């Protein structure tokens with residue numbers, strides 16, 4: 002039995018725990034979809050799937066409520082697959098491990114998937130509870146919302162019977178949303194060039210981690226740290242001063258998640274190593290002061306590493322850093 006079974010209402014949390022136990026990152030929702038279809042059939046409910054994999058479940062109205070307006074409860078099947086850099090987890094095969102931390106349900110080292118797992122669980126819990134009085138009811142579960150709204154875009158006219166749709170993918174309990182944040186994607190190709198790292202240079206990995214991350218729509222206004230931009234800010238301020246050679250830069254994993262970690266591999270002349278360490282420590286203090294209320298676990302670490310890769314030329318480095326910063 003899951004630890005979540007002690008929470009109330011228990012049927013909802015039991016369903017959510019089951020959802021967590023079945024891998025369902027974007028583009029890998031089929032196992033969860035098949036489980037939900039079987040679950041609906043076991044309960045004697047009408048269930049159908051369309052050409053893109055969306056699930057539609059119908060439950061007849063409670064006796065005496067047949068003339069009420071039909072309502073559809075909508076959620077999406079996939080979750081955002083993010084993990085801490087020191088966590089070993091394959092989102093396509095491994096279950097999410099939820100646990101209770103005070104008043105919150107969290108996951109060990111990964112995203113929890115409450116977006117939109119708790120929405121799915123709430124809709125399915127309504128279907129499962131014959132004591133809930135309702136008119137004609139539909140539940141629509143869509144595919145691959147987090148990576149492109151594939152299910153929503155693939156929905157065909159006429160499949161739903163309901164006139165009223167309640168979307169369960171919101172952020173605040175007890176509030177109804179009438180709109181949502183938008184998003185813009187762009188793909189850019191930069192003509193970057195590389196050159197060998199000069200002899201006598203030492204290589205270091207600069208790691209910014211411990212940030213909360215968050216949803217780029219629901220939490221973008223909260224003043225949380227963006228690991229990519231914070232690390233790029235350091236490079237913008239000191240790359241030319243210290244003649245830093247940028248070998249690689251990695252940060253963030255998804256288009257709609259605020260990056261919680263970022264990593265840069267740098268080469269620096271031996272006589273500038275001391276200055277680099279001093280500036281890194283000073284920058285960590287600056288960030289901890291700036292983000293004291295929001296990012297209490299922020300750390301900035303500099304560790305010497307071995308690397309035989311070429312570095313970006315100074316013009317390419319500066320172009321890349323300007324793009325991020």
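Numbering (the numbering used here), first residue to last: 2 to 326. Glycine is no exception: its CB is placed at the ideal position from the N, C-alpha and C atoms. Everything numeric in this text was worked out from a predicted model, so none of it was measured.
Where residue i sits in the DSSP three-state scheme
i, result
"residue 222", "coil"
"residue 163", "coil"
"residue 239", "helix"
"residue 168", "strand"
"residue 24", "coil"
"residue 249", "strand"
"residue 4", "helix"
"residue 257", "coil"
"residue 121", "helix"
"residue 193", "coil"
"residue 109", "coil"
"residue 127", "helix"
"residue 76", "strand"
"residue 69", "coil"
"residue 64", "coil"
"residue 53", "coil"
"residue 231", "helix"
"residue 306", "strand"
"residue 156", "coil"
"residue 58", "strand"
"residue 173", "coil"
"residue 41", "helix"
"residue 301", "strand"
"residue 148", "coil"
"residue 312", "strand"
"residue 36", "helix"
Exposed unless 16 or more other CB atoms sit within 10 angstroms - verdict on residue i
i, result
"residue 284", "buried"
"residue 256", "exposed"
"residue 187", "exposed"
"residue 191", "exposed"
"residue 25", "buried"
"residue 83", "buried"
"residue 318", "buried"
"residue 286", "exposed"
"residue 105", "exposed"
"residue 216", "buried"
"residue 60", "buried"
"residue 14", "buried"
Cβ pair residue i, residue j closer than 8 Å
i, j, result
"residue 101", "residue 111", "no"
"residue 88", "residue 210", "no"
"residue 58", "residue 47", "yes"
"residue 86", "residue 262", "yes"
"residue 147", "residue 27", "yes"
"residue 184", "residue 218", "yes"
"residue 118", "residue 80", "yes"
"residue 198", "residue 311", "yes"
"residue 177", "residue 214", "no"
"residue 296", "residue 226", "yes"
"residue 115", "residue 74", "no"
"residue 142", "residue 55", "yes"
"residue 243", "residue 273", "yes"
"residue 248", "residue 126", "no"
"residue 20", "residue 33", "yes"
"residue 30", "residue 78", "yes"
"residue 51", "residue 160", "yes"
8 Å contact criterion, which residue i and residue j should meet: CB distance rounded
i, j, result
"residue 359", "residue 53", "As displayed, the chain neither begins before 2 nor continues past 326, which places residue 359 out of reach and without an answer."
"residue 164", "residue 71", "6 Å"
"residue 240", "residue 140", "Their Cβ separation, rounded to whole angstroms, is 53 Å, which puts residue 240 and residue 140 out of contact at 8 Å."
"residue 269", "residue 203", "6 Å"
"residue 145", "residue 152", "6 Å"
"residue 325", "residue 233", "4 Å"
"residue 207", "residue 265", "5 Å"
Limits of the beta strand (DSSP E) - the one that residue i falls within
i, result
"residue 99", "99-102"
"residue 47", "47-50"
"residue 276", "Note, residue 276: premise wrong, no beta strand (DSSP E); alpha helix (DSSP H) at 274-291."
"residue 134", "No beta strand (DSSP E) contains residue 134, which DSSP labels as neither H nor E."
"residue 208", "202-210"
"residue 83", "Here residue 83 belongs to no beta strand (DSSP E), and DSSP marks it neither H nor E."
"residue 267", "263-270"
"residue 143", "138-143"
Chain C contact for residue i (CB, 8 Å cutoff)
i, result
"residue 142", "No chain C appears in this structure, which consists of one protein chain only."
Contact test: residue i Cβ vs the ligand MN heavy atom, cutoff 7 Å
i, result
"residue 3", "Annotation note on the ligand MN: not contained in the displayed structure, which lists no ligands."
Delimiting residues of the alpha helix (DSSP H) encompassing residue i
i, result
"residue 96", "Note, residue 96: premise wrong, no alpha helix (DSSP H); not H, not E."
"residue 319", "315-325"
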